[in-house]
Each structure stands twice: as structure tokens, then as C-alpha cells.
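Protein chains in written order, with my numbering: chain F, 2 to 185; chain X, 527 to 667.
Cβ atoms here follow ideal geometry from the backbone N, Cα and C, with glycine treated the same way.
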Amino acid sequence: MELFINLTLFSMLVVTALAILRMRHLFAVVMLSSVFSLLCALLFVTLDAVDVAFTEAAVGAGISSVLMLGTMALTARHEKMPREFSPIPLIVVVATGAVLIYGTLDMPDFGSPDSPAQAHLATQYLTQSPTDIGVPNVVTAILASYRGYDTLGETVVVFTACVGVLMLIGGLARRRRKQGEETK
Amino acid sequence: MSMQFILSHLNYWLFIILMMIGFYIVVARGNYIKKIVGLNVFQVSVFMFYISIGKVEGGTAPIFPVDMDIDPNVVYSNPLPHVLILTAIVVGIATTSLGLALIVRIREEFGTIEEDEILEIESKLQQEENSAEGPAMGGRA
């Protein structure tokens, strides 16, 4: 049953991604990327990552679509005719995919409880966090406590990006007004 | 390659297929907004790949009962990838917004967000510069 749900979600994801590739109307592309994120959130739920699903639905489908729509409004609504088909990107992509798939052949089975990823730190977190921290959600406990510095670093990254965006487009309205006066 | 092997690795391969579609959008399409969307597709596929490593067969989400009365027979999935990916999603939106801001600036300077046209304008500018400065600057006039 789980395999069936996974495969259904996957085929929908692939169709959405291919539609993104083919569409030239940018509004449709942005909406499809939002759909893609929501489908991913569903897949995260089937993979037991409910916190990630929440974040993906809010950030991937919500905030990033709003940002992209804003950019679209300031720039262009249509993609120009795509350049002529060239085989080089396709070759690069297929080669990269083949190498990656070759790399997964050594990986442990999907969902196997004795894979290396499950062996050390995970069990430690699962057994100790009730006594160490006492928060029912283990993900929250790790995020805010065991790996609190990680989260602090994340905040620094977001702050830096905010400053960067403000510096890049901060004077946009002023520059436009100036340009308007010059042309008058 | 047995059927069992294929079924247990199918998930990984499907994620890689999605990843490669995103990669293809990035390299083969000239519109910058579309490139960013492709980058997002690629990024989310990597996230799903990573989360799938933490999945345990028959497991459930790593959230204990509220009264913290933990049944030792319940299997929980690995919470560590979830934490790392939560961080990665937020960092991803930060880089996306920076990229979009750059696109707005590019459009302001060049009047277009198509890669081909920008390259054309740039080479024209370069040619003008070279012919203006001429051999004095050592450029090809």
C-alpha cells in the first residue's frame, strides 16, 4: 500500500516537473512549482517527516511562490522561445544521473532498521531526549537544544540573505523615479 | 539484480530522476526565473532523498505521547535527517530570495532576463569597448 502511494505521488511529481520544463508562461511555472512543493510535503508525510512537511508546505509552496510572483511582476511574464535543442545538456544530465544511480547500488535497503544512518546517534537521541529535555517532539528537542548552534547559524544565514536582498533591490523605487525625471 | 533489490532501491532512483529533471531545467532553459524554479526542484529532490535515508520500515513520526509514557515496542524513524533538512529548507529559501533579487537587478541593467540576450548585449558592449580603446589598451579592435 505504501509503495502504491509513493509511486502515485512520484508520478504526479514527475508530471509536474515535466510541465514546468515545457511551460513558457511564467505564472503557470510558478504555480506548478508551488504544486510541486505541496506534493513533496505529502511525500514527506509518508516518509514520517511531519515537521519537514509543515515547513515545506509553508516555505516552499507559500513564501517562495510569493517571492517568485513578485519577481515576475518586476521582470517578465513570458519565457522567450527556447533556444534550439542542443544535446549537450541532455548528455550531461543523463551521465550525472547514471553516476548517481550507480552510487545508490551500495546503499542499504530503503527503510532497513540496521542501516548505518540508524545505528549510532539516532538511537541515542531517541532514548535520551525524554530525560534530557522532556519535549515530546524529538525533532524540536534536537533542533532547539542538541543542535541549537546549528539553528543559530541558520538564523545568521537568513539575516545575511535579508541584508543582501535589501542592498540589491533597496534603491529600486528611487532609481526608477530618477530615471523617470531624466527622461522627462 | 533481484526483484527485492529493485524494490528496496526504487525510491532512491525515483528521487534521482526528479533531481535530474530539475538539473535539466537549470542547464537547458535560458529564462532566469525558470532556472531558479529548476534549482528548487533539484533542491527538494535532494531533501526527499536525504529524508528517505532516515525512514525505518514500520516506523512512525518521532513524536512521543504527550504524557511521555513511551511504549518501547513502537519504532520511530530517525529524527536527525529531519532536523538537518528543516535547516536546509530555510537556508534554501534564503538563497532563492537572493537569486530572485539578483534577477530583478539584472532586468534593471539589461532590460531582459533571458540568458542568450544578456550574453549578446555583453559581447556587444565588450566589442564597443575594445574598438573605442583600441590597440592602446592591448585589446582586439
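Whose CA, out of the options, lies closest to the CA of residue i?
i: F:M82; options: F:H26, F:A18, F:E57; result: F:H26
i: X:L533; options: F:L4, F:T9, F:F11, F:L10; result: F:L4
i: X:P588; options: F:L33, F:A162, F:V53; result: F:V53
i: X:A614; options: F:L22, F:E57, F:G63, F:T76; result: F:E57
i: F:R175; options: X:P598, X:N656, X:E634; result: X:E634
i: F:V16; options: F:A29, F:M2, F:F37; result: F:F37
i: F:G154; options: X:V572, X:M529, X:L612; result: X:L612
i: X:I629; options: X:N557, X:V552, X:V609; result: X:N557
For the alpha helix (DSSP H) that residue i lies in, which residues bound it at each end?
i: F:S12; result: 3–23
i: F:R78; result: It is not in any alpha helix (DSSP H) - F:R78 carries neither H nor E in the DSSP assignment.
i: F:F111; result: Segment: none, F:F111 is in no alpha helix (DSSP H) and carries neither H nor E.
i: X:S649; result: 641–659
i: X:G585; result: It is not in any alpha helix (DSSP H) - X:G585 carries neither H nor E in the DSSP assignment.
i: F:S130; result: 122–133
i: X:H535; result: 529–554
i: F:A162; result: 149–170
i: X:V609; result: 605–636
i: F:A142; result: 139–142
How would you label residue i, buried or exposed, when you count the other beta carbons within 10 angstroms and need 16 or more for buried?
i: F:G126; result: According to the sequence as given, residue 126 of chain F is Tyr; it is not Gly. Burial call: buried.
i: X:A667; result: Confidence at X:A667 is low in this model, with a pLDDT of 45, below 50, so its placement is unreliable and no value can be given for it.
i: X:G637; result: exposed
i: X:N599; result: exposed
i: X:K650; result: exposed
Check whether the Cβ atoms of residue i and residue j sit closer than 9 Å, and answer yes or no.
i: F:P109; j: X:I596; result: no
i: X:V582; j: F:S87; result: no
i: X:F541; j: X:G564; result: no
i: F:A62; j: F:L48; result: no
i: F:M13; j: X:I559; result: no
i: X:Q652; j: X:G618; result: no
i: F:G98; j: X:I543; result: yes
i: F:F111; j: X:N604; result: no
i: X:M574; j: F:V94; result: no
Complete beta strand (DSSP E) runs within the stretch 35–100 of chain F (minimum length 3 residues, chain order): Positions of the beta strand (DSSP E) runs, each at least 3 residues long and wholly inside the stretch 35–100 of chain F, cannot be given because no such run exists.
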